[in-house]
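Under the numbering used here, the residues of the sequence shown are numbered 147 to 497, in order. All C-beta atoms in this analysis are idealised placements derived from N, C-alpha and C, irrespective of residue type, glycine included.
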Amino acid sequence: MGGGRRVSDSEHAQRLFEIVGSSWMTQLVRTAAELRLAEHLVDGPKTTAELAALTSTQERPLGQLLRGLCAIGVCEERDDGAFDITPMGALLSEDAPYSIRSWALHWGGALWGPWGRLPETVRTGESGRFLESGTRGFEHLAGDPEAALRFNQAMVELTRVSAASIVEAYDFSGCARVMDVGGGYGELIATILLAHPNVDGVLFDMPHAIDHATAHLSDKGVLSRCELVAGSFFESLPSGADVYVLKSILHDWNDERCGAILATCRAAMTPAARLLVVERVMPDRMVASGQHATIARSDLNMLVANAAQERTEAGWREILNDAGFEITGIMAAGFGYSVIEASLTTDGASP
147 MGGGRRVSDS
157 EHAQRLFEIV
167 GSSWMTQLVR
177 TAAELRLAEH
187 LVDGPKTTAE
197 LAALTSTQER
207 PLGQLLRGLC
217 AIGVCEERDD
227 GAFDITPMGA
237 LLSEDAPYSI
247 RSWALHWGGA
257 LWGPWGRLPE
267 TVRTGESGRF
277 LESGTRGFEH
287 LAGDPEAALR
297 FNQAMVELTR
307 VSAASIVEAY
317 DFSGCARVMD
327 VGGGYGELIA
337 TILLAHPNVD
347 GVLFDMPHAI
357 DHATAHLSDK
367 GVLSRCELVA
377 GSFFESLPSG
387 ADVYVLKSIL
397 HDWNDERCGA
407 ILATCRAAMT
417 PAARLLVVER
427 VMPDRMVASG
437 QHATIARSDL
447 NMLVANAAQE
457 RTEAGWREIL
467 NDAGFEITGI
477 MAAGFGYSVI
487 EASLTTDGAS
497 P
């Protein structure tokens, strides 16, 4: 028996109240992003009246919003009553080097409805997105350019914080050609190419991503070394790469669809090529910790968005083995990601 103080029921209740009500922070930050408060405050503090005029909002409710943002460290209130943005809050600016504006809008907007369908998702196995809109996977992006733009920019932001650690975790220096499969606007392939000047890249994704990737790769200074190819990874992939990277791709799909993606990878790969699966690896047993909470949040987000999941190491081994791959190494990267290296099975036969 532990000798620590027993936590009372009222303390447990207080903690549970905080957990239940934590969604208020999501919508606070989303609204701050919608109103572009970080951009409006970039040149210095402003009063509520000034910000209300700039954002076309009502002064009293905006003041309530600003005080809430102060409470969570996004803004701060000065002695003279004006409001300023904090270094963390400044990341809601679209121009911030590590901006998460699009991610805040995506999580608090497009994902809000599917998360509200979690009870039905657990009962039926259908994604919250399908229950809400009747679409599966990423079908909803094909006919909605604005949603596609916001989603792809959110993926850029999500990848940006982990890309450097992925490049540190895996040695790409011996590669001549690296393909980023489903790589969106190319944030990861750009980071790889910048770190390895002798490597050429291929960015492969659907047209709604590739159409905007040229500008992104040009801004990064690597466009001349990166071929852009539009297509579906369920149909075919270009051949000729030394390494095929799937970052945050397989967790979007069930086992059957993952098998289809891996089959197209296998068909494009030479015996010497390698597959890198960059994903979070679920622990075999979950405990109450910040690290496990981050993985659980991602796992449940895959459930409500796509009726999919994160996987344990055993789960990754099984799905890769079933597709004709064998894991040759697992390297820890930052922000909870792992780089899983796999090669074709030694006999070269189809699984």
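Query                                                                                                                             : Result
Cβ shell of residue 491 (< 6 Å), same chain only, five flanking positions each side left out                                      : 470, 472
Proximal residues to residue 356 (C-beta, below 6 Å), its chain only, five neighbours per side dropped                            : 374, 376
CA-to-CA distance, residue 420 to residue 451, given in whole angstroms                                                           : 29 Å
Anticipated Cβ contact below 8 Å, residue 330 with residue 302, distance rounded                                                  : 6 Å
Per-residue DSSP class, three states only, for residue 431                                                                        : coil
Identity of the residues DSSP links to residue 475 by a beta bridge                                                               : 487
Exposure label - residue 234; buried when at least 16 CB within 10 Å                                                              : exposed
Beta-carbon contacts of residue 246 that lie in its chain and below 6 Å, excluding the five residues immediately before and after : 237, 303
Environment of residue 249 [buried if 16+ CB atoms lie within 10 Å]                                                               : buried
Near the ligand NAD: residue 247 beta-carbon under 7 Å from a heavy atom                                                          : Of the ligands one can find in the structure shown there are none, so the ligand NAD has no counterpart to examine.
N- and C-terminal bounds of the beta strand (DSSP E) containing residue 376                                                       : 372–376
Length of the line joining the Cα atoms of residue 353 and residue 209                                                            : 42 Å
Cutoff 6 Å; reference residue 259; Cβ partners in own chain excluding five residues on either side                                : 278
First through last residue of the beta strand (DSSP E) which encompasses residue 323                                              : 323–327
Cβ pair count under 8 Å reaching 3, the segment 308–326 against the segment 380–397                                               : yes
Nearest-angstrom Cα separation, counted from residue 168 out to residue 453                                                       : 24 Å
Beta-bridge pairing of residue 501 - partner residues as DSSP gives them                                                          : Given a span of 147 to 497 for the chain in the structure shown, any question on residue 501 remains unanswerable.
Rounded C-alpha distance that separates residue 468 from residue 402                                                              : 10 Å
Inter-residue Cα distance where the pair is residue 438 and residue 432                                                           : 6 Å
Range covered by the beta strand (DSSP E) that runs through residue 268                                                           : First-last for residue 268: 264–270, but that is the alpha helix (DSSP H), not the beta strand (DSSP E).
Cβ-based neighbour list, residue 341, same chain, cut-off 6 Å, excluding 5 preceding and 5 following                              : 313
Cβ-Cβ distance between residue 192 and residue 163 below 8 Å                                                                      : no
Cβ-based burial, residue 165 [other Cβ within 10 Å; buried from 16]                                                               : exposed
Reference residue 365, options 289, 243, 268, 475, closest by Cα                                                                  : 243
The segment 315–324 in contact with the segment 259–274 per 3-pair CB rule at 8 Å                                                 : no
Nearest neighbour of residue 424, chosen from 459, 252, 344, 358 [CA to CA]                                                       : 459
Cβ pair residue 181, residue 214 closer than 8 Å                                                                                  : no
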